[in-house]
Amino acid sequence: MVRVAAVGLAAGLLGGMFGVGGGILIVPALTIVLGFDQRLAHGTSLAAILPIAGASLLTYWSVGNVDWPVAMWIALGAIVGAVVGTKLLQIISKRTLTIGFVIIMLATAVRLFIPTEGTAREALTVLGAVGLFAVGLLSGTLAGLLGVGGGIIMVPAMVVLFGMPSVIAKGTSMAVIIPTSIMGTLRNRAVQNADVRVAAVIGLTGVVSAVAGSLIADRMSDPVSNALFAVLLVVVAIRQLTTLRSARAPYSDEVTA
Numbered sequence: 000m001v002r003v004a005a006v007g008l009a010a011g012l013l014g015g016m017f018g019v020g021g022g023i024l025i026v027p028a029l030t031i032v033l034g035f036d037q038r039l040a041h042g043t044s045l046a047a048i049l050p051i052a053g054a055s056l057l058t059y060w061s062v063g064n065v066d067w068p069v070a071m072w073i074a075l076g077a078i079v080g081a082v083v084g085t086k087l088l089q090i091i092s093k094r095t096l097t098i099g100f101v102i103i104m105l106a107t108a109v110r111l112f113i114p115t116e117g118t119a120r121e122a123l124t125v126l127g128a129v130g131l132f133a134v135g136l137l138s139g140t141l142a143g144l145l146g147v148g149g150g151i152i153m154v155p156a157m158v159v160l161f162g163m164p165s166v167i168a169k170g171t172s173m174a175v176i177i178p179t180s181i182m183g184t185l186r187n188r189a190v191q192n193a194d195v196r197v198a199a200v201i202g203l204t205g206v207v208s209a210v211a212g213s214l215i216a217d218r219m220s221d222p223v224s225n226a227l228f229a230v231l232l233v234v235v236a237i238r239q240l241t242t243l244r245s246a247r248a249p250y251s252d253e254v255t256a
C-alpha cells in the first residue's frame, strides 16, 4: 500500500495545483502498479477523487477563490452532459471524439500562452449563464466518453472564454467536480466497479498534498499557472493519442477528474 499512498500524494498535489481531480494520474497508476483493468481503475479513481477535491475546494474557498454562481451553471451542464454522452456514444465513434478532443486540448494549450487580463467578473447575464452551461455540457460529455477529467476542460474554458483568473477557475472547477464525482461513485458502487479500500488510501493520503497544492496555486501568477496548465493539457492529449493507438480496452463511462 506504500505505492498506492504515494499515488495519492502525487494526485492530491496535482489536483490542488491545477483544479483537476487527479484521475489523469490515478488511472494509469492503478493499471500499471496494481494491474487494474481500465473500468475498475476509473471507478476507483472517481471514488478517490472525492476527499481530494473536498480538501482542495475548502482551501480554495477559504481564500475566496471559488465563484459559486459559475460553479452552479457549469455543474448543471455537466450533469446533462453525462446523459448526452451515453447517447452520443451510439452515434459518434470514440476514435473521432478522441481526435477532436486532442485538437481542442492542443489549441487551448497554445491559447493559454497568450496573456489575458483576468478580472473579477461582472454580474452574470443570461448569455453568460448559457455559455457556462455549454462549458459544463461539453466537459461532462467528453469526460464521460473519454475518461478524462472535467477539470481539464473547465479550467482553461473559464480562463480563455470568460477571462477568469486562473486560481478562481481552479477553485470553481473543484466545486463542480465534487457533485459529478459523487453521482459517478454511487453508480459505480451499485455495480461493484470500485475498490473502496484502495480509493480510501489514495483519497486520504491525497488530502494533505491537495491542501498544499491549492495553497501553491493561490501564490502562482496567472502567466505561470497558465503555462503549467498548458503543459498538462499537452500531456493529457499525448496520453489520449497513445491510448487510441495501443489499447482496445473500453473507455470508462465515468468522470475521472
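Under numbering that gives the first Met the number 0, the residue at position 2 of the sequence shown is numbered 1, and the numbers go up by one with no gaps.
By construction, the Cβ of each residue, glycine as well, lies at the ideal position given by its N, Cα and C atoms.
**OP:** Could you pull out every residue in the same chain whose Cβ sits closer than 7 Å to the Cβ of Leu123, ignoring the five residues on either side in sequence?
**Re:** Position 124 of the sequence shown, counted from the first residue, corresponds to residue 123. Contacts found: Pro68.
Original post:
Can the beta-carbon of Gly205 be found closer than 8 Å to that of Pro50?
Top reply: Mapped onto the sequence shown, residue 205 falls at position 206. Mapped onto the sequence shown, residue 50 falls at position 51. Contact flag set, yes.
Original post:
How would you write the range of the alpha helix (DSSP H) that Ser180 sits in, first residue to last?
Top reply: For this step, residue 180 is matched to residue 181 along the sequence shown. Looking at the DSSP string, the run of the alpha helix (DSSP H) that includes Ser180 is 165-189.
Original post:
Over what stretch of residues does the alpha helix (DSSP H) that includes Val62 continue unbroken?
Top reply: Working through the sequence shown from its first residue, we reach residue 62 at position 63. Neither: Val62 is in no alpha helix (DSSP H) and is coded neither H nor E.
Original post:
How about the stretch 133-142 and the stretch 187-194: do they share at least three Cβ pairs that are nearer than 8 Å?
Top reply: With a cut-off of 8 Å, the stretch 187-194 and the stretch 133-142 do not count as touching, because too few Cβ pairs lie within range.
Original post:
Around the Cβ of Glu253, are there at least 16 other Cβ atoms within 10 angstroms (buried) or fewer (exposed)?
Top reply: Residue 253 sits at position 254 when you count from the first residue of the sequence shown. At Glu253, the pLDDT of 47 sits below 50, so the modelled position is not reliable and the matter cannot be decided from this model.
Subject >> Of the residues Pro222, Leu185, Leu240, the one placed nearest Gly42, counting alpha carbons only >> reply: On the sequence shown, position 43 is the one that residue 42 refers to. Answer by Cα proximity: Leu185.
Original post:
Which class does Phe228 belong to by DSSP, given the choice of helix, strand or coil?
Top reply: For the purposes of this step, residue 228 is taken as residue 229 along the sequence shown, with counting starting at 1. Phe228: helix per DSSP, three-state reduction.
Original post:
Val154: which of Gln37, Ile181, Ala216, Lys86 sits nearest, CA to CA?
Top reply: Numbered from its first residue, the sequence shown carries residue 154 at position 155. Of Gln37, Ile181, Ala216, Lys86, the residue nearest in Cα terms is Ala216.
Original post:
Can you give the beta carbon distance from Ala226 to Phe112, rounded, assuming they're within the 8 Å contact cut?
Top reply: What you label residue 226 is simply residue 227 of the sequence shown in a count that begins at 1. What you label residue 112 is simply residue 113 of the sequence shown in a count that begins at 1. Rounded, the Cβ-Cβ distance is 6 Å, consistent with contact.
**OP:** Whole angstroms is fine: what's the gap from Val235's alpha carbon to Gly76's?
**Re:** Against the sequence shown, residue 235 aligns to sequence position 236. Against the sequence shown, residue 76 aligns to sequence position 77. The straight-line gap from Cα to Cα measures roughly 23 Å.
**OP:** Note down the Cα distance separating Met157 from Gly127, rounded to an integer number of angstroms.
**Re:** If you number the sequence shown from 1, residue 157 lands on position 158. If you number the sequence shown from 1, residue 127 lands on position 128. Cα to Cα, Met157 sits roughly 11 Å from Gly127.
Subject >> Complete alpha helix (DSSP H) runs within the stretch 22-103 (minimum length 4 residues, chain order) >> reply: 22-32, 37-61, 67-87
Original post:
Just how far apart, CA to CA, sit Gly11 and Val1?
Top reply: As a working note, residue 11 is residue 12 in the sequence shown. As a working note, residue 1 is residue 2 in the sequence shown. Taking the straight line from one Cα to the other gives about 15 Å.
Subject >> For Tyr250, three-class secondary structure by DSSP >> reply: On the sequence shown, position 251 is the one that residue 250 refers to. Here the model assigns Tyr250 a pLDDT of 46, short of 50, so the residue's position is not dependable, and the following value carries that caveat. Reduced to three states, the DSSP call for Tyr250 is coil.
Original post:
Going by the beta-carbon positions, is the gap between Val207 and Asn64 smaller than 8 Å?
Top reply: For this step, residue 207 is matched to residue 208 along the sequence shown. For this step, residue 64 is matched to residue 65 along the sequence shown. Cβ atoms of Val207 and Asn64: not closer than 8 Å.
Original post:
Grouping DSSP H, G and I as helix and E and B as strand, with all else coil, what is Asp194?
Top reply: Position 195 of the sequence shown holds residue 194. Three-state result, Asp194: coil.
Original post:
Using the C-alpha atoms, what's the distance from Leu96 back to Gln37?
Top reply: Indexing the sequence shown from 1 puts residue 37 at position 38. Indexing the sequence shown from 1 puts residue 96 at position 97. If you take the alpha carbons of Gln37 and Leu96, they lie about 18 Å apart.
Original post:
What separation, rounded to the nearest whole angstrom, lies between the Cα atoms of Gly212 and Tyr59?
Top reply: Mapped onto the sequence shown, residue 212 falls at position 213. Mapped onto the sequence shown, residue 59 falls at position 60. Rounded to the nearest angstrom, the gap between the Cα atoms of Gly212 and Tyr59 is 10 Å.
Subject >> Buried or exposed (CB count within 10 angstroms, at least 16 for buried), Ile237 >> reply: Numbered from its first residue, the sequence shown carries residue 237 at position 238. By the neighbour-count rule (16 or more Cβ atoms within 10 Å), Ile237 is not buried but exposed.
**OP:** Please classify Ile113: does DSSP put it in a helix, a strand, or coil?
**Re:** Along the sequence shown, one-based indexing puts residue 113 at 114. DSSP places Ile113 outside both helix and strand once states are collapsed to three, so it counts as coil.
Original post:
With burial defined as no fewer than 16 other Cβ atoms inside 10 Å of the residue's Cβ, what is the status of Lys86: buried or exposed?
Top reply: Indexing the sequence shown from 1 puts residue 86 at position 87. By the neighbour-count rule (16 or more Cβ atoms within 10 Å), Lys86 is not buried but exposed.
Original post:
DSSP state of Gly15, grouped into three classes?
Top reply: As a working note, residue 15 is residue 16 in the sequence shown. Gly15: helix per DSSP, three-state reduction.
**OP:** Would you give the residue range spanned by the alpha helix (DSSP H) that Met157 belongs to?
**Re:** Mapped onto the sequence shown, residue 157 falls at position 158. Per DSSP, Met157 belongs to the alpha helix (DSSP H) from 149-161.
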